[in-house]
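Presented below is the structure to which this report refers.
Number of protein chains: 2
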Amino acid sequence: MPRIALDAMGGDHAPDNVVEGVLAALADGPASCEILLVGRTADVAAALDRHGGASSRIRIVEAPDVIGMAERPMVAIRGKRASSVTVGVGLQKKGEADAFISAGNTGAVMAASRVLMGLYPGVERPAIGAVMPTVGKTVLFLDAGANIDCSPRELRGFAHLGAVYARDVLGRTQPTVGLLSIGEEEAKGNAAVKQAHQLLKTETVPFTFLGNVEGRDILDGHIDVVVCDGFVGNVVLKFYESVARLFTTLIEREMEESVLTSPAMERVFTKLDYSTYGGAPLLGVRGVCIICHGRSSARAIKNAIGVALRAVESHLSQHIEADMADRGAVA
Amino acid sequence: MPRIALDAMGGDHAPDNVVEGVLAALADGPASCEILLVGRTADVAAALDRHGGASSRIRIVEAPDVIGMAERPMVAIRGKRASSVTVGVGLQKKGEADAFISAGNTGAVMAASRVLMGLYPGVERPAIGAVMPTVGKTVLFLDAGANIDCSPRELRGFAHLGAVYARDVLGRTQPTVGLLSIGEEEAKGNAAVKQAHQLLKTETVPFTFLGNVEGRDILDGHIDVVVCDGFVGNVVLKFYESVARLFTTLIEREMEESVLTSPAMERVFTKLDYSTYGGAPLLGVRGVCIICHGRSSARAIKNAIGVALRAVESHLSQHIEADMADRGAVA
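If you read the sequences in order, they're chains A and B.
Going by this note's numbering, 414 is the number at position 147 of the first sequence; the sequence numbering is gapless.
Going by this note's numbering, 352 is the number at position 85 of the second sequence; the sequence numbering is gapless.
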């Protein structure tokens, strides 16, 4: 039975949203898993009491320290070895959990994962993938902000990591992968993108390489994976928030109350809120690590548990390791 | 009286949208200007007839060649010296017009402007500025795609060009300028952005330098100018289209016909359509050049004429030249 560890202390609404999300996941699904809630036992137990949740499938793992959202990652994980982040990440290393989910300090989760779990051979840098809504199927967008100033080889690596994730977790049997640029022609792009294009074009890849795609293509629903460096990725994802807020504000200014509160409008706003899509996988580390938005709702946590389960059950980690080994053999 | 030249052959709906936009501008405003319609005389005259427009303030300037939207810019402007783009840009050089507006091949307009009009001393590269809607006042976003792989000095130059434009044309007396990055701290960003931050922080600038701003800040209405390289700018602007399309599709799927066709929803969609905001200025070239979207409506052309007039009447070009000269003195 898969064992999913959660950072019970991470995020703006912890531990209550985490506990609620866990209970919803357990109540909901036929999927069978064990939950490890990592954090201050008293706080977590109290939250479980508040939400009426006693379950033989939930266990609390004591972690007395908490890393704040604004703490510097490396300083925090070195200084707080008994934090919910470091203890939670460490469970996979010790073979006591199969996945870790956190809505806490993203940098700390990344740093702990790299330091405690390590990277697969062949992975230059781990990437964060964000799953976004489109007019059709969702799109995996990476790197979402972990890696600035990426080399062509690193961009190529993100394409591989993203394709394995799209196949295993998003269920795309032959994933399509596009390289984010400013024109479809292979000569268009900045220096790193143009070279990454050549690397991907000239190797045999276990996915369909679409070549360059443009900003307007990201959400058009026809691409499974969009690859960019973390600077562009961070700007685009945060810009998405900005556009969503503009849209919401305009609608609220112009439309009548009856329209604003209608179930139809509710569905629109829910679909636009990509933070509910179940968290962002940290890809390339030895294990399954899902990073959630600091403002995650119980629903977002529940969705992240679903994502983590799919990652474990589809053997995502093993497939990434195999893909990297194949690349190593031909590189 | 300001003389505004327009590329009558440029864009998907030329010459009719251009002619309609001109007639609307002349009918509408107290602003007094002379219009030069550059293109094939017979085509332009026929369009004027179709839209009932005879005016002593409109003159046709013959240009027998047309540059297609997909032609390679430098090849096109060298090969078609009698095109509406080259003739139109050339009018400013000859002192026969004060501004040029085109919805045609953007690369060709840029190349012709650089070659025929030249750059102000101190301008490393011209930038394209896009004016976007926000929840408050509009924001000037540059470079919108003209310059890939920018140096820190070039990014600094965009901040200066943008600030002069914001003051003269957008009416911001003390413009605020932000450098697009992935965190507010000055140590956050890619290599070029971090160095540009230091350049702008340590010089005396005739605007308020806000330091780094993030993707989520672009449309929040508190910033007058957002600076980035043209790779990021192009991706963000095209992504904006993608998000706007996602919104529109979701709304159309979910809402009833009565809501979709309401004036309130019309206002929302109009506000989101940044292509109507009056075109993108090409900044740094010796003169006034406004680039419009290839799909520009008559309304967009009319708005671009308003923008060109403000640029001419506010002496934008002279102010850019003076700003560059001041920088040259201290650099």
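Note that CB positions come from ideal geometry on N, CA and C, so glycine has one too.
>> If you follow the beta strand (DSSP E) that Pro-548 of chain A is in, where does it begin and where does it stop?
In response: 547-550
- Message: So, at 7 Å on beta carbons, what are the nonlocal neighbours of Leu-583 of chain B in its own chain, with the 5 sequence-adjacent residues on each side left out?
- Response: The answer, listed in chain order, is Val-431, Tyr-432, Asp-435, Val-436 and Val-555.
Subject >> Under 7 Å by beta carbon: chain A residues contacting Asn-457 of chain B >> reply: Ile-415, Asp-416 and Phe-498
Taking a cut of 9 Å between CB atoms, which residues from the stretch 462-485 of chain A lie near chain B?
-> Glu-481, Gly-482, Arg-483, Asp-484 and Ile-485
Checklist entry - Rounded to the nearest angstrom, how far is the Cβ of Ala-272 of chain A from that of Ala-364 of chain A, given a contact under 8 Å? => result The distance from the Cβ of Ala-272 of chain A to that of Ala-364 of chain A is about 4 Å, consistent with a contact at the 8 Å cut-off.
*asked:* If you follow the beta strand (DSSP E) that Phe-476 of chain B is in, where does it begin and where does it stop?
replied: 475-480
| message | Can you tell me whether Met-336 of chain A is helix, strand or coil according to DSSP? | response | Residue state, collapsed to three classes: coil.
Q) Quick one: is Thr-308 of chain A near chain B, going by C-beta distance under 9 Å? A) Not an interface residue.
- Taking buried to mean at least 16 other C-beta atoms within 10 Å of its own C-beta, is Gly-551 of chain A buried or exposed? buried
task: Just the C-alpha distance for Met-361 of chain A and Ala-578 of chain A, rounded to the nearest angstrom, thanks.
output: For the record, residue 361 of chain A in the displayed sequence is Lys; it is not Met. Each residue's alpha carbon lies about 19 Å from the other.
Roughly how many angstroms lie between the CA atoms of Val-406 of chain A and Thr-475 of chain A, to the nearest whole one?
15 Å
### Assumed close pair Leu-517 of chain A, Val-535 of chain B - CB separation to whole angstroms, cut-off 8 Å
5 Å
Identify each residue in the stretch 511-525 of chain A for which the Cβ-Cβ distance to at least one residue of chain B is less than 8 Å, and report them in chain order.
Hits within the stretch, in order: Ala-511, Arg-512, Leu-513, Phe-514, Thr-516, Leu-517, Ile-518, Glu-521, Met-522 and Glu-523.
Inset, instruction - Below 7 Å CB to CB, which residues in the same chain sit around Pro-282 of chain A once its five sequence neighbours on both sides are set aside? - result: Within the same chain, Ala-275, Met-276, Gly-306, Asp-310, Val-311 and Ala-314 come within 7 Å of Pro-282 of chain A by CB-CB distance, once the 5 residues on both sides are set aside.
ask   = Which two residues bound the contiguous beta strand (DSSP E) that contains Ile-572 of chain A?
value = Counting along the chain, Ile-572 of chain A falls outside any beta strand (DSSP E), though it belongs to the alpha helix (DSSP H) covering 565-580.
Does the beta-carbon of Thr-443 of chain B, which I'm using as the reference point, lie nearer than 8 Å to any heavy atom of the ligand SAH? Because no ligand of any kind appears in the structure shown, any question about the ligand SAH cannot be addressed here.
Are Gly-445 of chain A and Val-493 of chain A touching if we call contact CB-CB under 9 Å? yes
- prompt: Taking Cβ positions only, does Ala-598 of chain B come closer than 9 Å to chain A?
  reply: With a pLDDT of 48 at Ala-598 of chain B, under the threshold of 50, the modelled position of that residue is not reliable, and no figure is offered here.
Start and end residues, alpha helix (DSSP H) containing Arg-326 of chain A = Where Arg-326 of chain A is concerned, there is no enclosing alpha helix (DSSP H), although the beta strand (DSSP E) it sits in stretches over 325-329.
Residues of the stretch 343-361 of chain B whose Cβ lies closer than 7 Å to any Cβ of chain A, in chain order: none
Checklist entry - How big is the Cα-Cα spacing for Ala-378 of chain B and Val-574 of chain A? => result 49 Å
Note to self: Classify Thr-440 of chain A: buried if its beta carbon has 16 or more other beta carbons within 10 angstroms, exposed otherwise.
What the structure shows: exposed
Handout entry: Contact check, Asn-372 of chain A vs Val-354 of chain A, beta carbons under 9 Å
Key = no
Looking at the structure shown, is Val-305 of chain A part of a helix, part of a strand, or coil, going by DSSP? strand
Distance cutoff 9 Å, beta carbons only. Does Tyr-432 of chain A sit that close to anything in chain B? no
Along the chain, where does the beta strand (DSSP E) that runs through Gly-445 of chain B open and close?
Here the beta strand (DSSP E) through Gly-445 of chain B covers 443-447.
query = Roughly how many angstroms lie between the CA atoms of Leu-447 of chain A and Leu-576 of chain B, to the nearest whole one?
reply = Just so you know, the alpha carbons of Leu-447 of chain A and Leu-576 of chain B end up roughly 37 Å apart.
Exercise. Ala-592 of chain B: which of B:Ala-330, B:Leu-358, B:Pro-269 and B:Leu-386 sits nearest, CA to CA?
Worked result: B:Leu-386
Of the residues B:Arg-381, B:Gly-424, B:Ile-572 and B:Cys-417, which one's Cα is nearest the Cα of Leu-303 of chain B? B:Ile-572
Among A:Glu-519, A:Val-333, A:Gly-389 and A:Asp-496, nearest to Gly-412 of chain A - alpha-carbon criterion: Checking every option, the nearest Cα to that of Gly-412 of chain A belongs to A:Asp-496.
Can the beta-carbon of Val-502 of chain A be found closer than 9 Å to that of Val-285 of chain B? no
* To do: Work out the CA separation of Ser-380 of chain B and Ile-415 of chain B for me, nearest whole Å.
  => 18 Å
Exercise. Can you list the residues of chain A that Glu-301 of chain B reaches, using a CB-CB cut of under 7 Å?
Worked result: For the C-beta of Glu-301 of chain B, not a single chain A residue is nearer than 7 Å; the gap to the nearest is close to 37 Å.
- Message: Measuring straight from C-alpha to C-alpha, what distance separates His-280 of chain A and Phe-506 of chain A?
- Response: 24 Å
Original post:
Using the rule of at least 16 other Cβ atoms within 10 Å of the residue's Cβ for burial, across every protein chain shown, is Gly-438 of chain B buried or exposed?
Top reply: exposed
Inset, instruction - Kindly say whether Phe-506 of chain A, judged by its beta-carbon, lies nearer than 9 Å to any beta-carbon of chain B. - result: yes
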